[in-house]
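Chemist:
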Amino acid sequence: MRAGWLAAWLCVAAATGGLRAGDGEAAKLAPYYPTPQTIVGRMLQLGGLKAGEKVFDLGSGDGRIVILAAEKFHAQAVGIEIDADLCRQSLARIVKLGIEKSAHIVHGDLLAQNYSSADLVTVYLLPDSINGKVQPLLDRQLKKGARVVAHDFEFHNWTPEKVVNIADDGDGRSHTLFLYRK
Ligand SMILES: C[S@@+](CC[C@H](N)C(=O)[O-])C[C@H]1O[C@@H](n2cnc3c(N)ncnc32)[C@H](O)[C@@H]1O
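FYI, the numbering for the sequence shown is 3 to 184, going by the numbering used here.
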């Protein structure tokens, strides 16, 4: 999975010249490359998400993790997404499903949010973003016992409690999930 993912990122970087925090814009920490629906449930299961818990998806794309967390796991789910179209798409689906009370999308920079209330955080971002920017933020903000599930790219300075390798997502692609606990 990683090669395809990185290729997608290189295409975006080449097309845009890359976005940097110093440009006065939020840093683009990954391109839009959705987690397959079959893997979304596995991430939330691995994170041990329970009804009423608070989960944040960092860079929520089309909102699929937020929506499943709210609809099937009965969690309070929040997605942070920088792309306005993806936010609109997520919100339209949330409204259509009638889950506005438990599924929320914040249009903004995931690095400018507060995750101190999180029971679970899900992350599918580029390795440099995870290790250079997200990890220091979560180290500062997460409460003791909070869990983090990372898709395909690990947090190098943390030791995973569990690593799950999925050989085939139904489309012939493999995935690795990492569970961390503060
Ligand atoms: C690989 S996709 C993952 C989408 C979703 N979490 C999933 O697993 O299906 C990464 C997402 O992060 C968003 N993103 C990148 N940088 C961001 C930032 N600084 N703040 C908020 N969202 C960001 C991208 O627009 C993209 O939708």
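C-beta atoms are modelled at their ideal positions from N, C-alpha and C, and glycine is treated no differently.
Using only the alpha-carbon positions, how far apart do residue 119 and residue 105 sit?
Modeler: Approximately 15 Å, taken between the alpha carbons.
Chemist: In whole angstroms, what separates the C-alpha of residue 144 from that of residue 175?
Modeler: Rounded to whole angstroms, residue 144 to residue 175 spans 32 Å at the Cα level.
Chemist: Between which two residues does the beta strand (DSSP E) harbouring residue 141 extend?
Modeler: Run containing residue 141: none in the beta strand (DSSP E); it sits in the alpha helix (DSSP H), 137–143.
Chemist: Please state whether DSSP places residue 40 in a helix, a strand or coil.
Modeler: The answer is helix: DSSP assigns residue 40 an H, G or I state.
Chemist: Alpha carbon to alpha carbon, how far is residue 130 from residue 152?
Modeler: If I take the Cα positions, the gap works out to 13 Å.
Chemist: I need the straight-line Cα distance from residue 78 to residue 69, nearest angstrom please.
Modeler: Whole-angstrom Cα-Cα distance: 10 Å.
Chemist: Do residue 157 and residue 182 have their beta-carbon atoms positioned less than 8 Å apart in this structure?
Modeler: Yes, Cβ-Cβ distance for residue 182 and residue 157 is below 8 Å.
Chemist: Run the CB neighbour count on residue 30, radius 10 Å, all protein chains shown included, and call it buried at 16 or more, exposed below.
Modeler: By the neighbour-count rule (16 or more Cβ atoms within 10 Å), residue 30 is buried.
Chemist: What's the gap between the Cα of residue 58 and the Cα of residue 81?
Modeler: Answer to the nearest angstrom: the Cα atoms are 6 Å apart.
Chemist: Sorted by chain position, which residues of the same chain lie with C-beta nearer than 7 Å to residue 73's C-beta, five sequence neighbours on each side aside?
Modeler: Cβ within range, chain order: 99, 101.
Chemist: Straight-line CA distance for residue 64 to residue 134?
Modeler: Those two C-alpha atoms are separated by around 25 Å.
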